[in-house]
Amino acid sequence: DTGVSQDPRHKITKRGQNVTFRCDPISEHNRLYWYRQTLGQGPEFLTYFQNEAQLEKSRLLSDRFSAERPKGSFSTLEIQRTEQGDSAMYLCASSFPQGDSNEQFFGPGTRLTVL
Amino acid sequence: AQSVTQLGSHVSVSEGALVLLRCNYSSSVPPYLFWYVQYPNQGLQLLLKYTSAATLVKGINGFEAEFKKSETSFHLTKPSAHMSDAAEYFCAVSSGSARQLTFGSGTQLTVLP
């Protein structure tokens, strides 16, 4: 399977702990996105990488959140000092724009539960 | 800023009946519009996309959507619902320099036997 993969699929943690998620995009895709989806809502944009450069961050991305894409391939999203409000599904997507299209391919997501 | 409104958070149809899921968008520039489907505890799968090539867009699994600029709408339809269509459907618009997606709040489709 050459789709977007995410690890872990589920994470349960206690409030105040740090967690890190990984995303492996489709190999030739140079754009990578992180989204957060809370129950009953559509995904919300968090941040965007083009190759290894983080070019845009949403105001939703508080200073407890940090994302990296060190070699322009996989990406990690770290949440420090987790809060119960961080409980959500974290989705990663990748794309390789061709023409006017920027079709994004999504991974299965990491569901975070903060107790 | 661009936005998407999905009318009806829950839609129920009988198997074999027409599916109509509504999406209206707000955009200051010609939009790129998408419909995604999400099954429980899974990521999003692209159903179809509008990129200005044609106003009637055909997607996977028998779905199609029509872009109507005058109504700022991009409604999703399928002539005959199947039980396997039960899922959550999201309309999205691409915007910004990052061309990130802005999603509607979703419509949960239930298919009744």
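Read top to bottom, the protein sequences are chains U and F.
The opening position of the first sequence corresponds to residue 382 in this note's numbering, with each subsequent residue numbered one higher.
The opening position of the second sequence corresponds to residue 1299 in this note's numbering, with each subsequent residue numbered one higher.
Note that the Cβ used here is the ideal one computed from N, Cα and C, for glycine as well.
Residue 405 (chain U) versus residue 386 (chain U): straight-line alpha-carbon distance, rounded: Counting from 1 along the first sequence, the entry for residue 405 (chain U) is found at position 24. Counting from 1 along the first sequence, the entry for residue 386 (chain U) is found at position 5. Taking the straight line joining both Cα atoms gives about 5 Å.
Per-residue DSSP class, three states only, for residue 1383 (chain F): Here residue 1383 (chain F) refers to the residue found at position 85 when the second sequence is read from its first residue. In the three-state DSSP reduction, residue 1383 (chain F) falls in the helix class (H, G or I).
Cutoff 9 Å: residue 436 (chain U) Cβ touching any chain F Cβ: Residue mapping note: residue 436 (chain U) aligns to position 55 of the first sequence, counting from 1. Residue 436 (chain U) counts as touching chain F.
Neighbour flag for residue 483 (chain U) against chain F, beta carbons, 9 Å: Numbered from its first residue, the first sequence carries residue 483 (chain U) at position 102. So yes, residue 483 (chain U) belongs to the interface.
Integer-rounded CB distance, given that residue 1304 (chain F) should sit under 8 Å from residue 1405 (chain F): Indexing the second sequence from 1 puts residue 1405 (chain F) at position 107. Indexing the second sequence from 1 puts residue 1304 (chain F) at position 6. Their Cβ separation, rounded to whole angstroms, is 5 Å, which keeps residue 1405 (chain F) and residue 1304 (chain F) in contact under 8 Å.
Residue 388 (chain U) (DSSP reduced to helix, strand or coil): As a working mapping, residue 388 (chain U) is identified with position 7 in the first sequence. Three-state DSSP puts residue 388 (chain U) in a strand.
7 Å Cβ shell around residue 1313 (chain F) - same chain, five flanking residues per side excluded: On the second sequence, residue 1313 (chain F) is found 15 positions in, with the first residue counted as 1. Taken in chain order, the residues that qualify are 1379, 1380, 1381, 1409, 1410, 1411.
Reference residue 469 (chain U), options U:496, U:452, U:479, U:478, closest by Cα: Counted from its first residue, the first sequence places residue 469 (chain U) at position 88. Nearest option by C-alpha distance: U:496.
Whole-Å CB distance - residue 1342 (chain F) paired with residue 1388 (chain F), under 8 Å assumed: In the second sequence, counting from the first residue as 1, residue 1342 (chain F) sits at position 44. In the second sequence, counting from the first residue as 1, residue 1388 (chain F) sits at position 90. That belief holds up - the Cβ atoms of residue 1342 (chain F) and residue 1388 (chain F) are roughly 7 Å apart, short of 8 Å.
Cβ pair residue 421 (chain U), residue 1403 (chain F) closer than 9 Å: Counting from 1 along the first sequence, the entry for residue 421 (chain U) is found at position 40. Counting from 1 along the second sequence, the entry for residue 1403 (chain F) is found at position 105. In this structure, residue 421 (chain U) places its C-beta atom within 9 Å of the C-beta atom of residue 1403 (chain F).
Closer than 9 Å to chain F by CB, residue 440 (chain U): Residue 440 (chain U) sits at position 59 when you count from the first residue of the first sequence. So no, residue 440 (chain U) is outside the interface.
DSSP state of residue 465 (chain U) mapped onto helix, strand, coil: Numbered from its first residue, the first sequence carries residue 465 (chain U) at position 84. When DSSP states are grouped into helix, strand and coil, residue 465 (chain U) belongs to the helix group.
Coil, strand or helix - residue 407 (chain U) by DSSP: Taking the first residue of the first sequence as 1, we reach residue 407 (chain U) at position 26. Taken through DSSP and simplified to helix, strand or coil, residue 407 (chain U) comes out as coil.
Alpha-carbon to alpha-carbon, residue 399 (chain U) and residue 424 (chain U): Position 43 of the first sequence, counted from the first residue, corresponds to residue 424 (chain U). Position 18 of the first sequence, counted from the first residue, corresponds to residue 399 (chain U). Their backbone Cα atoms lie some 22 Å apart in a straight line.
Option nearest residue 1359 (chain F) by Cα separation, candidates F:1376, F:1349, F:1351: By 1-based counting over the second sequence, the position of residue 1359 (chain F) is 61. Restricting attention to F:1376, F:1349, F:1351, the CA atom closest to the CA of residue 1359 (chain F) is found in F:1376.
Which of helix, strand or coil DSSP assigns to residue 1339 (chain F): Here residue 1339 (chain F) is taken as the residue at index 41 of the second sequence, counted from 1. Coil at residue 1339 (chain F), not helix or strand.
Per-residue DSSP class, three states only, for residue 1322 (chain F): Position 24 of the second sequence holds residue 1322 (chain F). Strand at residue 1322 (chain F).
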